[in-house]
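J.: One structure follows; several queries about it will come next.
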Amino acid sequence: MSIVIYNTLTREKETFKPVEENKVKMYVCGPTVYNYIHIGNARPAIVFDTVRRYFEYKGYEVTYVLNFTDVDDKIIDASKKTGEPVSELTNRFIKAYLADVKALGVKHATYHPRVSETIDDIIDFVAGLIEKGYAYEVDGDVYFRPRKFEGYGKLSDQSIDELRAGARIQVGEKKQDPLDFALWKKAKPGEISWDSPWGKGRPGWHIECSAMAKKYLGETIDIHAGGQDLTFPHHENEIAQSEALNDKPFANYWMHNGYMNINNEKMSKSLGNFILTKDLIAEHDPRVIRFFMLSVHYRSPINFTEELLESAKNSLE
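Going by the numbering used here, the first residue of the sequence shown is number 10, and it counts up by one from there.
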C-alpha cells in the first residue's frame, strides 16, 4: 500500500517516492532555545514524531533530524537580561525541551544538531553562494539575492513582486534590495560571534537549516516539515539558498502543521494566552495531551480548551 502526502510545495496529494529505496530523510525545524516551549511548539513535535513512527511501522529506515537554534537575537537578549552565558542558557532550555517532548512520547531524533556546532559548514555554504553570485558582502554582513533565484515564492505561492511590496530595509541594513535577507550578521560589541572570511559574526536564521539538512541528510531530502508559520519566509528562503548552491531540488515533500488556538483565539505571547508545555504536563496525563493533539487533522487549526482536553481524556479512556 502506497503512502500519500499532501505536499505544500505543489498544493496536491502525492504518492511518496523516497530518494533512496526504503529510506526516509526527514528534517523538522526545531525550537529557538531561549525559553520553555509552549503547546504550539509541542504540536509539530508530536505530529511529525507520529509521521516518523508511521514510516518506521511501514518498514522504512528513517533518518530524523530536528535542530536546535542556539544562536539568535532572542537568545542574546535573554542572556543579557538574565546575566546567564549564552551556552548555559541554551543548554538549560534544550534539556527542558527534550524532557517535555519525551514526556509526550516523542522519540529522540537520529540527530539533534545545534547551530553553534555547525558554524564551519554554514560559513562554507555562504562562501559558496557568494562565489556563485547569489550572495554579497557589505561591511561584514552577507545577504542573499532572492531575485537571482528563479522560482522564489513557489512554496508560499507568492510572486516576487507581491513579496517585494511588503519588504522593507530596516535601520542599519545595507542590502541592495528590500527582498535580500541576511546569511551572515556582523557581530555587535559583546555579542557571541565566530571568525569568518567577512569578519566576526554569526549566522542568519535561514541559512542554519539549509546547512544542517545538507550535512546530515544530503543535498536532496525526502521530507521537510514544520509549523505553518515557517512557510514564509523561513522555508521559502531555505529552498532558495539550498537549490541555488546545489543546483538540485532541496526537499521533495513539504509538510506543515496548522496553528494552535487558545479558547478560539490565536495563541501569541502578545495576547498573553500561551500555555507552557511543562505546566500542562504537570496538570494532565501526557498521553491525553498527545491524543488531543492528534485528534484533529495535522494541517487544520486546533483549538485548546480545558473542556476539549477533558473530552480527549474520556475518548482515550
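Glycine included, C-beta positions come from ideal geometry on N, C-alpha and C.
Would you mind reading off the limits of the alpha helix (DSSP H) that contains Asp86?
T.: Per DSSP, Asp86 belongs to the alpha helix (DSSP H) from 82-91.
J.: What separation, rounded to the nearest whole angstrom, lies between the Cα atoms of Glu228 and Gln250?
T.: Taking the straight line joining both Cα atoms gives about 11 Å.
J.: In this structure, does DSSP put Phe158 in helix, strand or coil?
T.: The answer is coil: DSSP assigns Phe158 none of H, G, I, E or B.
J.: With DSSP as the reference, label Arg20 as helix, strand or coil.
T.: Correct three-state label for Arg20: coil.
J.: Does the structure place the stretch 85-100 close enough to the stretch 57-64 that three or more beta carbon pairs sit under 8 Å?
T.: Not touching, per the Cβ criterion.
J.: For Trp193, which of helix, strand or coil comes out of DSSP?
T.: In the structure shown, Trp193 sits in a strand (DSSP, three-state: E or B).
J.: What residues match up with Met302 in a beta bridge as DSSP calls it?
T.: Answer is none; Met302 lacks a bridge partner.
J.: DSSP three-state label for Leu172, please.
T.: If DSSP states are grouped into helix, strand and coil, Leu172 belongs with the helices.
J.: Given Gly236, which residues of its chain have a CB within under 7 Å of its CB, disregarding the five upstream and five downstream residues?
T.: Counting only Cβ-Cβ distances below 7 Å, and skipping sequence neighbours, we find Pro53, His265, Asn266.
J.: Could you spell out where the beta strand (DSSP E) holding Gly213 opens and where it closes?
T.: First-last for Gly213: undefined, no H or E at that position.
J.: State the DSSP-derived secondary structure class of Met10, mapped to helix, strand or coil.
T.: Met10 falls in the coil class under three-state DSSP.
J.: What separation, rounded to the nearest whole angstrom, lies between the Cα atoms of Lys223 and Ile230?
T.: Cα to Cα, Lys223 sits roughly 8 Å from Ile230.
J.: Going by alpha carbons, who is nearest to Met269 out of Asn246, Thr314, Ser11?
T.: Met269 has its Cα closest to that of Thr314, out of Asn246, Thr314, Ser11.
J.: In this structure, does DSSP put His293 in helix, strand or coil?
T.: In the structure shown, His293 sits in coil (DSSP, three-state: anything other than H, G, I, E or B).
J.: Kindly indicate the opening and closing residues of the alpha helix (DSSP H) around Gly137.
T.: Unbroken alpha helix (DSSP H) run through Gly137: 128-140.
J.: Could you give the distance in angstroms between the alpha-carbon of Leu188 and the alpha-carbon of Asn312?
T.: Those two C-alpha atoms are separated by around 34 Å.
J.: Going by beta carbon distance, what residues of the same chain come within less than 6 Å of Thr119, once the five residues before and after it are set aside?
T.: Within the same chain, Thr119 has close Cβ partners Thr72, Tyr73.
J.: Taking the alpha-carbon of Ala260 as reference, which of Phe283, Glu245, Leu280 has the nearest alpha-carbon?
T.: Closest option to Ala260, Cα to Cα, is Glu245.
J.: I need the straight-line Cα distance from Lys90 to Ser279, nearest angstrom please.
T.: So the two alpha carbons sit approximately 19 Å from each other.
J.: Just grab the DSSP bridge partners of Asn270 for me.
T.: Answer is Lys275, Asn312.
J.: Can you tell which of Tyr69, Tyr152, Ile55, Arg308 has its C-alpha closest to the C-alpha of Lys22?
T.: Closest option to Lys22, Cα to Cα, is Arg308.
J.: Check whether the stretch 179-187 touches the stretch 147-157, taking contact to mean three or more Cβ pairs, one atom from each stretch, closer than 8 Å.
T.: Cβ pair count under 8 Å is three or more, so yes.
J.: Who are the Cβ neighbours of Leu239 in its own chain at under 8 Å, not counting the five residues just before and after it?
T.: Excluding residues within five positions, the ones whose Cβ falls inside 8 Å are Cys38, His265.
J.: Per DSSP, what kind of secondary structure is Asp97 in: helix, strand or coil?
T.: Here residue 97 turns out to be Glu, not Asp, going by the sequence shown. If DSSP states are grouped into helix, strand and coil, Glu97 belongs with the helices.
J.: Can you tell me the Cβ-Cβ gap for Phe190 and Ala253, rounded? I've got them flagged as a contact below 8 Å.
T.: Not confirmed; about 13 Å, so no contact.
J.: Check whether the stretch 199-209 and the stretch 284-293 touch, using three or more Cβ-Cβ pairs below 8 Å as the test.
T.: The stretch 199-209, when compared against the stretch 284-293, does not touch it at the 8 Å Cβ threshold.
J.: For Glu274, count neighbouring C-beta atoms within 10 Å of its own C-beta (all shown protein chains included) and say buried if the count is 16 or more, exposed if not.
T.: Classification of Glu274: exposed, given that the 10 Å Cβ count is below 16.
J.: Figure out for me which residue from Asp109, Glu70, Ile284, Ala87 has the closest Cα to the Cα of Lys34.
T.: Considering only alpha carbons, the answer is Glu70.
J.: Where does Thr41 sit, in a helix, a strand or coil, going by DSSP?
T.: Thr41 falls in the strand class under three-state DSSP.
J.: For Lys194 and Val135, I'd like the C-alpha separation in whole angstroms.
T.: Those two C-alpha atoms are separated by around 12 Å.
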